[in-house]
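Numbering (full-length UniProt numbering), first residue to last: 1 to 486. All remarks here apply to the structure that follows.
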């Protein structure tokens, strides 16, 4: 640990202690979603299963709830319910990451966790920081234990990227296939076309460019947070494109997140099929997936979005943003579905059967609702008086009234048939799953009253509501390390 890392870690620890009480007393703190202890959170990073536990790293600025210098925070859990906060894991403390330890991934090989991430550097001068003036380095560090990481090595320097690309190359995701390891990076070309670069390596140290991949026609100017994985006999590319033109029922956020099905051999001749959005709501970006010990493909996304004109009130309380619940991804007929992992059902407490067109009050607005066999042509869910989800003749709409959306207004989508709906509501967050994840809407929500009114229309089938208990969060910051840096 060098003097810079000690100073940055000291500043992080001070912020966590100084603002902890104020943050913990905020009524908008979530009960079953991961949040930053204090300060700012964005992309989930390094999602992995290692040594009998789930590891969730995240982009973290503990000193400022409006963002700033990014380091990696770290949560760990054995069951996705009991979580330990282990403190800052990756600190931007070297010349190749001095302006931020940006997003990346964790790759487990035998008994070692390998982390690859983007080291961000912005050089002083008259630069546009797109075509010049920025360094985007792939850095590699290792851990035998998943908590403390060793020296950093540069896996890819700026000279290792092909010609025709801007300085915006980032977010490495690494995996193994056969005898080789592969790395995918999001990129922006000089002609303002987004795409990905794929590298291969036999030793995790020496990497060579395998291929470039993009769509036949331009689709946004930058693809962030790429993720390539196989499921159900198909290969899928997940990414977060920027610069996609808005349509009536698609691409309604500032930036998008979604997936392509890869047709053909991703190492050779292939093409990307139509892009499908992961989430149609207001607050979803930069998802990452991983495979756990049981073989499930699990996705977690950032419950936020860059450059959105939202006014989240928790910012004044010293924190901002959260992560979605873990979602299991399944595949059917070349389409991906996402649904809350089974473990969350163990948080269910009191069960209530809801009647159609009858309002009920849910204390603190923390519940899990399943609506089975809603009316085929029309269904309406009112949550807290100011958030409304409507399905009508193939069209879905999530809309806010009043100020509870904090700048959010309306999002729409289409679906051919409505079979069931599940709603997870958690004080200031709502996730709506249609047809077991065929479509999903995620949003933050700040209702005027904590005893939330809930009303259903067009839901004449079976409607079951459960009050939800909280996940358990323990701060396991090492006291010895804290004493050392102080």
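Note that CB positions come from ideal geometry on N, CA and C, so glycine has one too.
For residue 156, the uninterrupted beta strand (DSSP E) segment begins and ends at 153 to 156. If one requires a minimum length of 4 residues, no alpha helix (DSSP H) run lies completely within the region 300 to 346.
Secondary structure of residue 476 (DSSP, three-state): coil. Its chain contains 136, 161, 185, 187 as the residues whose beta carbon lies nearer than 6 Å to that of residue 169, once the 5 sequence neighbours on both sides are disregarded; these appear in chain order. Residue 339 is positioned such that its CB atom lies no closer than 7 Å to that of residue 438.
For residue 127, the three-state secondary structure derived from DSSP is coil. Beta-bridge annotation (DSSP): residue 39 is paired with 319. Under the DSSP assignment, residue 5 falls in the alpha helix (DSSP H) whose first and last residues are 3 to 24. DSSP links residue 223 through a beta bridge to 241. Taking 3 residues as the shortest admissible run, the region 68 to 102 contains the following complete beta strand (DSSP E) segments, listed from N- to C-terminal end: 71 to 77, 82 to 85.
Per the C-alpha coordinates, the member of 325, 264, 111, 303 positioned closest to residue 471 is 325.
Ranked by Cα distance from residue 406, the first of 467, 315, 395, 366 is 315. Each residue's CA atom was taken as its position, placing residue 78 and residue 138 some 29 Å apart. One alpha carbon belongs to residue 50, the other to residue 356, and they sit about 46 Å apart. Between residue 312 and residue 444 the beta-carbon gap is near 6 Å, inside 8 Å, which marks them as a contact. Here DSSP, grouped into helix, strand and coil, assigns residue 462 to coil.
Under the criterion of beta carbons closer than 8 Å, residue 105 and residue 242 do not qualify as touching, at roughly 20 Å. The region 455 to 474 makes contact with the region 343 to 360: 3 or more CB pairs, one atom from each, lie closer than 8 Å.
Put simply, the region 371 to 386 touches the region 455 to 466. At least three CB pairs are less than 8 Å apart. Ranked by how close their Cα comes to the Cα of residue 72, the residues 82, 8, 131, 126 have 8 in first place. About 7 Å separates the CB atoms of residue 194 and residue 214; that is less than 8 Å, so the two are in contact. Annotation: residue 116 to residue 61 spans about 19 Å, alpha carbon to alpha carbon. The C-beta distance from residue 260 to residue 275 rounds to 6 Å, short enough to meet the 8 Å contact threshold. Restricting attention to beta strand (DSSP E) runs no shorter than 3 residues, the region 265 to 296 encloses them at 270 to 272, 285 to 291, ordered along the chain. If you draw a straight line from the Cα of residue 114 to the Cα of residue 155, it is about 12 Å long.
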